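Below is one structure, written out as structure tokens; comments come after it.
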Amino acid sequence: MRVLVTGGTKGIGLKIVEQFLKHENCEIHFTGRDQESGNQIVKKDSRLKFHCIDTSQREAIDKLYQDIGAVDVLVLNAGICKDTLFLRMKDEDFDAVLKTNLYSPFWITKAFLPDMLKKQSGSIVYLSSVSARGNAGQANYAASKAGLEGMAKSLALEVGKRNVRVNVVRPGFTDTQMTAALPENLKTEILKHIPLARMAQPEEIAQVVFSLAIELSYVNGQVVTVDGGLTLH
Numbered sequence: 428m429r430v431l432v433t434g435g436t437k438g439i440g441l442k443i444v445e446q447f448l449k450h451e452n453c454e455i456h457f458t459g460r461d462q463e464s465g466n467q468i469v470k471k472d473s474r475l476k477f478h479c480i481d482t483s484q485r486e487a488i489d490k491l492y493q494d495i496g497a498v499d500v501l502v503l504n505a506g507i508c509k510d511t512l513f514l515r516m517k518d519e520d521f522d523a524v525l526k527t528n529l530y531s532p533f534w535i536t537k538a539f540l541p542d543m544l545k546k547q548s549g550s551i552v553y554l555s556s557v558s559a560r561g562n563a564g565q566a567n568y569a570a571s572k573a574g575l576e577g578m579a580k581s582l583a584l585e586v587g588k589r590n591v592r593v594n595v596v597r598p599g600f601t602d603t604q605m606t607a608a609l610p611e612n613l614k615t616e617i618l619k620h621i622p623l624a625r626m627a628q629p630e631e632i633a634q635v636v637f638s639l640a641i642e643l644s645y646v647n648g649q650v651v652t653v654d655g656g657l658t659l660h
């Protein structure tokens, strides 16, 4: 089984890569922008293949497909945020977030999907966020993730008859480098709204991604929220 994980050098993406490594028949390709981090990760196992690219660049996607070829599983995890209030948001910040978080998954899916359709077998998992529901200061990020979820559902309707499944994992407040940079008072306030009263660990998100990608063969077109109950409010 051949797998491609974008944004696989840190945080949730790295844990997804490690989760697939537990499956002995997997060859895992992963992308990132940090060559040194990628080089260190591939030392863990000969089945790991690192591709240092910026997935927001269309031409880089074409080369990525040429280098890898057909895969059985796509996990589109790479993402960025450039948070600020709406009226302060610059056009370039809006564009940058949509390019990485929405256009990139669109381009990568277009590149790798035809092989899945020919084989009549494949699984695609997109990483969204609870911010897709809307969040102050994240108009660009929320728009990109809401768009991603809509794209995934539309694609699931198109390709299901060819035995290609498309699903979305929507993480909540997760313990990553991004959340580590938040002020402690803000973290405390967010935790008050989570019934489980803690952040998710990246490996908990990775377990859900792996299950959707490989094990849950009749789940299709779904957005699976993993947030400890945050969005119940």
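If you want this note's numbering, it's the position in the sequence shown, counting the first as 1, plus 427.
Think of the CB as a built atom: it goes at the ideal place given N, C-alpha and C, for glycine as much as any other residue.
Everything numeric in this text was worked out from a predicted model, so none of it was measured.
Endpoints, beta strand (DSSP E) assigned at residue i
| i | result |
| --- | --- |
| residue 530 | Where residue 530 is concerned, there is no enclosing beta strand (DSSP E), given that its DSSP letter is neither H nor E. |
| residue 600 | No beta strand (DSSP E) contains residue 600, which DSSP labels as neither H nor E. |
| residue 383 | Residue 383 falls outside the range modelled here, since the chain spans only 428 to 660, and no answer is possible. |
| residue 451 | Segment: none, residue 451 is in no beta strand (DSSP E) and carries neither H nor E. |
| residue 651 | 650-653 |
| residue 502 | 500-503 |
Rounded C-alpha distance that separates residue i from residue j
| i | j | result |
| --- | --- | --- |
| residue 468 | residue 643 | 28 Å |
| residue 521 | residue 530 | 12 Å |
| residue 465 | residue 459 | 7 Å |
| residue 650 | residue 489 | 28 Å |
| residue 660 | residue 584 | 30 Å |
| residue 429 | residue 586 | 20 Å |
| residue 431 | residue 446 | 13 Å |
| residue 512 | residue 545 | 45 Å |
| residue 491 | residue 551 | 17 Å |
| residue 440 | residue 638 | 15 Å |
| residue 449 | residue 495 | 21 Å |
| residue 640 | residue 518 | 35 Å |
| residue 502 | residue 433 | 6 Å |
| residue 497 | residue 539 | 6 Å |
| residue 603 | residue 645 | 31 Å |
| residue 493 | residue 541 | 13 Å |
| residue 574 | residue 626 | 25 Å |
DSSP-derived helix/strand/coil call for residue i
| i | result |
| --- | --- |
| residue 564 | coil |
| residue 490 | helix |
| residue 585 | helix |
| residue 549 | strand |
| residue 429 | strand |
| residue 515 | helix |
| residue 615 | helix |
| residue 657 | helix |
| residue 459 | strand |
| residue 444 | helix |
| residue 554 | strand |
| residue 580 | helix |
Cβ-Cβ distance between residue i and residue j below 8 Å
| i | j | result |
| --- | --- | --- |
| residue 455 | residue 476 | yes |
| residue 601 | residue 527 | no |
| residue 555 | residue 515 | no |
| residue 508 | residue 568 | yes |
| residue 631 | residue 653 | yes |
| residue 510 | residue 549 | no |
| residue 525 | residue 599 | no |
| residue 504 | residue 592 | no |
| residue 623 | residue 655 | yes |
Continuous alpha helix (DSSP H) stretch holding residue i: start and end
| i | result |
| --- | --- |
| residue 521 | 518-525 |
| residue 482 | Residue 482 -> no alpha helix (DSSP H), and no H or E assigned at all. |
| residue 711 | No information on residue 711 is available, as it lies outside the stretch 428 to 660 that the chain covers here. |
beta-carbon residue i near the ligand FAD non-hydrogen atom, thresh 7 Å
| i | result |
| --- | --- |
| residue 512 | Within the structure as shown, the ligand FAD is missing, as the structure has no ligands at all. |
Chain C within 8 Å of residue i, Cβ atoms only
| i | result |
| --- | --- |
| residue 570 | Judged by its chain identifiers, the structure shown contains no chain C, having just a single protein chain. |
| Three CB pairs or more closer than 8 Å across the region 531-550 and the region 569-583 | yes
| said: Whether or not the region 610-620 and the region 560-567 are in contact is what I'm after, with contact meaning three or more pairs of Cβ atoms, one per stretch, closer than 8 Å; do they touch? | reply: no
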